[in-house]
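Be aware that the sequence shown starts at 291, since it is given in our numbering, and climbs by one per residue. Encoded as structure tokens, the structure appears first; notes follow it.
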Amino acid sequence: MDRKPLRLAILEGERVLTAAGIPSARAEAEMLAAHLLGVERTKLMMFPLVDQSVVDSLERLVQQRATRVPLQHLTGAAALGRVTLAVGPGVFVPRPETEQLLEWGLNRLRGLRNPVVVDLCAGAGGLALALAHERPDAEVLAVDNDPTALSWARDNAERRRLAGDVPVHVLEGDVTDPGLLAERERGVDLLVCNPPYVPEGTPVPPEVGDHDPPAAVFAGRDGLRVLRHVVAHAARLLSPGGGIAVEHDDTHGGSVPALLAARSELTDAEAHNDLAGRPRFATARRDPAGDPTRSG
Ligand SMILES: C[S@@+](CC[C@H](N)C(=O)[O-])C[C@H]1O[C@@H](n2cnc3c(N)ncnc32)[C@H](O)[C@@H]1O
């Protein structure tokens, strides 16, 4: 059968994606080709010639991407830390912006044995599963209130369990409920959260506006509607010395650290940037002064 040069199909994909305004057009065309061939992007040179069916499939995926369907919906996968999650319609796609928060959380757990970790607003389960992957001694709980997100998170948790990671408990819960996880009060060593935080009415790219669930993105006029509850949960749930890391909008670089600093139970409120240097998450810990058995 007539075989075709993959390089030409990728170049054509790059051309179409560039015309559609996609910034990393070449990289994305290669990622789609790698997805179709079931290999890592770095291995594409091992496939100089491909069947016409591969060229046709690549063209179809490129056309879909050109209409701004998220790349991760087309490949069905998104990575956070060292885990790859299944993602698709109805669930928020984990972003590289969250990597620094994950790293902070892992550092925070250093030196603690059998830590209890809670991921609020867990979506597909990225933070919970990435933390569980690194810390097999942890008890990890992932909470979300959206049935579709919960279903993706449960599937991802099961896949990671089968791959040998510690099981993550995926729970239905509403972060606006003041009694959430009441049985865990003062018992959580690390609380991580990437909540919805975009102020209502903020223009967002089509990948977000047309494909991420609105309740996963927007949170009231100031973007803090869910986040305020998260701070209150930290004050209640964290063990003495336990840490919270919460992601926020790049316009919240002052307000979210201030929300944390305003809680008398918390100390060491700090602002952090993401890899692109934008204000992205805030951290604090529960003041250990009241409990001599634990130190921060
Ligand atoms: C920005 S997404 C983040 C998902 C995941 N943490 C990540 O980084 O990929 C926010 C998530 O918060 C969930 N959410 C929104 N409001 C919530 C609430 N009141 N209680 C629990 N989860 C909520 C949404 O369903 C969505 O999955």
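A virtual CB, placed ideally from N, CA and C, is assigned to each residue, including glycine.
* To do: Just the C-alpha distance for E497 and P578, rounded to the nearest angstrom, thanks.
  => C-alpha separation (whole angstroms): 43 angstroms.
* What separation, rounded to the nearest whole angstrom, lies between the Cα atoms of L481 and G531? -> 12 angstroms
* Flag S554 as yes if its beta-carbon sits less than 8 angstroms from any beta-carbon of chain B, otherwise no. => The displayed structure is made up of one protein chain only, and chain B is not part of it.
* Asked: Alpha carbon to alpha carbon, how far is R553 from V507?
  -> Using only the alpha carbons, I get a separation of about 25 angstroms.
* **Length of the line joining the Cα atoms of A319 and H501** => 20 angstroms
* **Supposed close pair L391, A535 - CB separation, criterion 8 angstroms** => About 5 angstroms separates the two Cβ atoms, so the contact holds.
* When every heavy atom of ligand 1 is checked, does at least one fall within less than 7 angstroms of the C-beta of D434? -> yes
* **Contact test: G303 Cβ vs ligand 1 heavy atom, cutoff 7 angstroms** => Flag unset: Cβ of G303 not near ligand 1.
* To do: Compute the beta-carbon to beta-carbon distance between V465 and V520, rounded to the nearest angstrom, for a pair I have assumed lies under 8 angstroms.
  => Between V465 and V520 the beta-carbon gap is near 6 angstroms, inside 8 angstroms, which marks them as a contact.
* Asked: Where V359 and R576 are concerned, what is the direct C-alpha to C-alpha distance, given to the nearest angstrom?
  -> 41 angstroms
* Pairwise C-alpha distance: A522 and R584 -> Annotation note: pLDDT 43 at R584 (below 50); position unreliable, no value reported.
* Is it the case that the CB of L417 approaches a heavy atom of ligand 1 more closely than 7 angstroms? -> Yes; taking the cut-off as 7 angstroms, the Cβ of L417 has a heavy atom of ligand 1 nearer than that.
* Asked: What is the rounded straight-line gap between the Cα of N563 and the Cα of K294?
  -> 45 angstroms
* With a floor of 3 residues, list each beta strand (DSSP E) that falls wholly inside the segment 475-532, ordered by position along the chain. => Within the segment 475-532, the complete beta strand (DSSP E) segments of 3 residues or longer fall at 478-483, listed in chain order.
* Asked: When you compare each of V306, L334, P437, I312 to E349 by their alpha carbons, which one comes out closest?
  -> V306
* With respect to the alpha helix (DSSP H) encompassing P547, which residues constitute its N-terminal and C-terminal limits? -> 545-551
* **Buried or exposed (CB count within 10 angstroms, at least 16 for buried), A559** => buried
* Looking only at its own chain, which residues have a Cβ that is under 7 angstroms from the Cβ of A566, when we skip the five neighbours before and after it? -> none
* Roughly how many whole angstroms lie between the Cα atoms of A428 and R403? -> 8 angstroms
* Apply the 10 Å Cβ neighbour rule to V494 and answer buried if 16 or more other Cβ atoms are within range, or exposed otherwise. => exposed
* Does the count of Cβ pairs from the segment 376-383 and the segment 359-368 closer than 8 angstroms reach three? -> yes
* Length at least 3, wholly inside the segment 383-426: the beta strand (DSSP E) runs in chain order -> 406-410
* Inspect the CB distances between the segment 338-353 and the segment 472-491 and report whether three or more fall short of 8 angstroms. => In short, these stretches do not touch, since the Cβ pair count stays below three.
* Spatial distance of L440 from A414 (CA atoms) -> 7 angstroms
* So, R355 versus I312, is the Cβ gap smaller than 8 angstroms? -> Yes.
* Asked: Taking buried to mean at least 16 other C-beta atoms within 10 Å of its own C-beta, is V329 buried or exposed?
  -> exposed
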